[in-house]
Structure formats: structure tokens, C-alpha cells
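Beneath this line is the structure, given in C-alpha cells, with notes to follow.
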Amino acid sequence: MIFTIFYILINIIFTILNFIAVFVLYIFVRPFSKKKSIIISHSISKFWGRSLMKMAFIKFDLENKENYDLKKVYLLTPNHQSAFDIFCSFCIFKGLYAFVSKDTYGKVPMVGLGMKLANYIFVKRGTVGAVKSIEDIKERLNNKTSIVLYPEGTRSKTGEINMPKRGILKVADKCPDIPILPVVIYGTKDIMKARSFKINPFRKIKVRFLKPFYFKDIEGDENTKLKYWHDIMTKNYNELKNKDNNE
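Structure follows, in C-alpha cells:
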């Protein structure tokens, strides 16, 4: 519990420093170059996320990195198990990318401003909000910015991978030539258990990059396509789980 208190205090301090850096950037850089301010804001956010993982002494085991071509733009689709998945994503994804997040996160003091300046995308409920979000995603992809989207929509409460929401198909329909990169993450739920604020340090996160695919190449209706993503993710998640249990 002592480590948790220490970690939360450091987290708060680090978040405030991150906000100050972003705010200074907003004043002195954004008026002259929006693109540079986005890149720098994203870099600050990555540094923030990676530092929080390092402070918890988290290590990573990355598999099949050859499936992740850093020269390409992707729809990056990891599974969602924990609040630490965001920090994990900052550690495993490279280059310029934008998160797709609920609009409520944009209202969080300091964090919300940082996300907005990094050009991340907020999803509002309702048809109009969904259409606007998809257009925002398309615009980022056209500008060579990968998208990090959690297809399940929310964190899994069972520890198993949930069926993805239909939103991923709507995005894929608008951007049919952008490859989907499934990314399996195992172990983040053990850093902080559900309904608990206790931080469990010194964990190893296993990550496996699967082969990219296009939903347009998957034959069948929407349910078949969603099931395809769910099945390959579940299969590899269970493999990582068994591998971890045998170590």
C-alpha cells in the first residue's frame, strides 16, 4: 500500500508537470505551427505514459514485431483489460498516432487539454457524434497518422476478450485501404485489479502483434467480420495466458 500511495503522488506531480509543458507549448508553438504542436504534444504524452509504466517497474515482452511496419499507417486495435492499457499503448506503439476516446475524458482537467492538443479523437454519443468521429478518424489516417482504437468499447470485466462493437466496421468501411492491426495485450489487469486502487509493480506485460488484415477481405455479414477479430484475438490471448502460467 505504501508503494501505491507513493506512485499516486508521483503520478499527480508528473501529470501537473506534463500539463505545464503542454500549456507552454500551446502558448508559444501552436500559433505558428499546428502540425509541430501536435507532434510535440503527442511526444510529451508518450513520455508521460512511458514514465508512469517505468515508475511501476513494468517490463514488456513483445512478440511478432515484424507484423508492425513502422512505415505504414494502421488502425491499431488492441484489447482492453485495464486503465493501464493506455500507458501500455504509449510504450508499444511508435511514431505518430491518435487515440479514439470517450468525450468524457476530454473534460478531465489537464489530461483533457493534453489530449486535445495532441489531436486525439473524442467520441460523442448519438448518430451525429459518431459520424463526426469517423470523419475525424478518416482525416487523421489521410494525414499519415495511425489510429489506436479499442474495438471492445470498454474494459473487459471478466478478463476475457469481448466482442467488438460495430463502430470498428463503420471506420473500416470509410477507410477500406487502411490495414487493421490486431494487438493482443496480456497482463495489464494484474497491475491494478478491478475495483481496486492498489498498484502491483514489477509485472511483465506480454504483447503480440498479429498479422494485419482488411475487413473487406473477410467474407460474410457484419457478425462474421466481428467474430473474426474476436476469434483471432481470443486464440492468441489464451496462448499468452498459458505461456505466462507455465513460466
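Just so you know, UniProt numbering puts the end of the sequence shown at 247, numbered straight through with nothing missing. Heads up, the beta-carbon is just placed ideally off N, CA and C, and yes, glycines get one too. Since we're looking at a predicted model, the values are computed, not measured.
Once DSSP output is grouped into helix, strand and coil, what is the label at residue i?
i    : result
V123 : strand
F57  : coil
R50  : helix
A194 : coil
F23  : helix
Y74  : coil
Y97  : strand
I218 : coil
K204 : strand
I180 : strand
F3   : helix
Y150 : coil
F32  : coil
F209 : strand
Looking at C-alpha atoms only, which residue of the options is the closest neighbour of residue i?
i    : options               : result
Y228 : Y214, K241, L240      : Y214
F23  : S37, F3, S33, E247    : S37
K132 : V100, G95, I92        : V100
M233 : N245, K211, N18       : K211
I178 : A83, S156, I147       : I147
L226 : I199, K124, I161      : I161
P31  : K165, S45, M192, L117 : L117
Out of curiosity, what's the CA-to-CA distance linking residue i and residue j?
i    : j    : result
H230 : N236 : 10 Å
G167 : R203 : 32 Å
T104 : F87  : 18 Å
G153 : P201 : 26 Å
F122 : I40  : 19 Å
V184 : F209 : 7 Å
R195 : T4   : 14 Å
K71  : Y120 : 20 Å
With a cut-off of 8 Å, does the C-beta of residue i fall near any C-beta of chain D?
i    : result
E139 : The structure shown contains no chain D; it is built from a single protein chain.
Assuming the contact rule is C-beta atoms closer than 8 Å, residue i and residue j should be a hit. Round their C-beta distance to whole Å, please.
i    : j    : result
I58  : V207 : Their Cβ separation, rounded to whole angstroms, is 12 Å, which puts I58 and V207 out of contact at 8 Å.
Y97  : T145 : 6 Å
T224 : Q81  : Their Cβ separation, rounded to whole angstroms, is 25 Å, which puts T224 and Q81 out of contact at 8 Å.
Would you be able to state if there are at least three C-beta pairs under 8 Å between the segment 60 to 75 and the segment 113 to 127? no
Inspect the CB distances between the segment 131 to 144 and the segment 49 to 64 and report whether three or more fall short of 8 Å. Contact fails: fewer than three Cβ-Cβ distances are below 8 Å.
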